[in-house]
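Going by my numbering, the sequence shown opens with residue 2, and the numbers climb by one from there. Here a beta-carbon is modelled for each residue, glycine too, at the ideal position from N, C-alpha and C. Right, one structure below, let's go through it.
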Amino acid sequence: MKKLIAAGTFLTSLCVSSAAFAADCKTDVKKDDLTDEQIVALYDCIKSELREGYASQGGALTSEYTGWKAAATQPAAPGVHGKRFLMTFVNDTGFDEYVKFSEERGPMPVGTVIAKESFNLSKKGQVRKGPLFFMTKAAAGGESDKYGNWVYAAFSAKGKPMKIKQSFCHDCHSAYEDQDALGYPVEDYRVSSN
Ligand code: HEC
């Protein structure tokens, strides 16, 4: 059974997923033309499979983050991170501070962990699972001093730790220097902080 999300027509059929393949979540709408509702429908279709994949290697963070609060009202594709759709979650230590989305902030509390799910659309409109990204705020006095005391990590859609360079992530994130290297979700989709 296919889930085809046509312009204006929503089939509410459940997605069928097999172990090896991505859930059959599809759209015939071009990525840039998707409405918010259509993006949410695609996310709802892929979500459980995406999360199962991330958690499948037994990593603690890769399953814990689903219990954290979302910092965005829905996924959006700001153009960075491989132009994927991104959905951000923050643990209790950092949530209240993060959702101020302050443009001039001091450092986030040590122990803050921010997770970001990602997915994309193929040219044929098939949903593709993307990596799960993390930023963890470490105490000063270690290797992370070079990277604003952030430790960056990424896990593949299969839950495997990806070999990433801290400098690769931070070189771009450091552009947001006044925001403690945080890019924040697209403005229209930020949760309200009150
Ligand atoms: C080309 C620039 C760029 C690179 C490279 C990059 N990021 Fe980001 N990242 C951003 C932007 C911009 C945002 C905010 C956009 C959004 O989440 O909608 C962001 C958001 C995030 C967030 C959510 C916290 C926040 O900034 O608000 C995490 C976690 C994250 N990135 C992790 C990583 C990791 C891990 C890497 C390296 C594997 C990485 N990023 C590489 C630009 C980048």
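C-beta contact flag for residue i and residue j at 8 Å
i, j, result
"alanine 77", "leucine 87", "yes"
"proline 162", "phenylalanine 156", "yes"
"tyrosine 44", "glutamine 75", "yes"
"asparagine 121", "glycine 83", "yes"
"isoleucine 198", "valine 128", "Because the chain is modelled from 2 through 195, residue 198 falls outside the range shown and cannot be assessed."
"tyrosine 66", "alanine 140", "no"
"lysine 101", "serine 193", "no"
"threonine 153", "histidine 171", "Per the sequence shown, the amino acid found at residue 153 is tyrosine instead of threonine. The answer is yes: Cβ separation under 8 Å."
"tyrosine 190", "leucine 183", "no"
"lysine 70", "phenylalanine 96", "yes"
Residue i versus residue j - alpha carbon distance
i, j, result
"glycine 54", "proline 108", "32 Å"
"tyrosine 148", "serine 175", "8 Å"
"aspartate 29", "serine 145", "44 Å"
"serine 123", "glycine 142", "43 Å"
"threonine 63", "aspartate 181", "23 Å"
"glycine 60", "threonine 137", "15 Å"
"serine 57", "glutamate 104", "36 Å"
"arginine 207", "serine 119", "As displayed, the chain neither begins before 2 nor continues past 195, which places residue 207 out of reach and without an answer."
"proline 110", "aspartate 179", "15 Å"
"glutamate 50", "leucine 133", "13 Å"
"glutamate 38", "cysteine 173", "30 Å"
"lysine 159", "phenylalanine 135", "15 Å"
"leucine 35", "aspartate 25", "18 Å"
"alanine 42", "arginine 85", "16 Å"
"asparagine 150", "aspartate 93", "18 Å"
"arginine 106", "aspartate 33", "32 Å"
Environment of residue i [buried if 16+ CB atoms lie within 10 Å]
i, result
"isoleucine 165", "exposed"
"valine 114", "buried"
"lysine 31", "exposed"
"glutamate 89", "The question names glutamate, but residue 89 is threonine in the sequence shown. Burial call: buried."
"lysine 27", "buried"
"lysine 130", "buried"
"glycine 112", "exposed"
"glutamate 188", "exposed"
"glycine 217", "Any property of residue 217 remains undetermined from this structure, which presents the chain solely from 2 to 195."
"phenylalanine 22", "Interpretation of phenylalanine 22 is limited by its pLDDT of 42, a score under 50 that renders its predicted location unreliable; no figure is taken from the coordinates."
Which whole runs of the beta strand (DSSP E) in the segment 110–142 are 3 residues long or more, in chain order? 114–122, 128–130 and 133–138
May I have a chain-ordered list of the alpha helix (DSSP H) segments no shorter than 4 residues that lie completely inside the segment 38–95? For the segment 38–95, the continuous alpha helix (DSSP H) assignments of 4+ residues that do not extend past its boundaries occur at 61–65, in sequence order.
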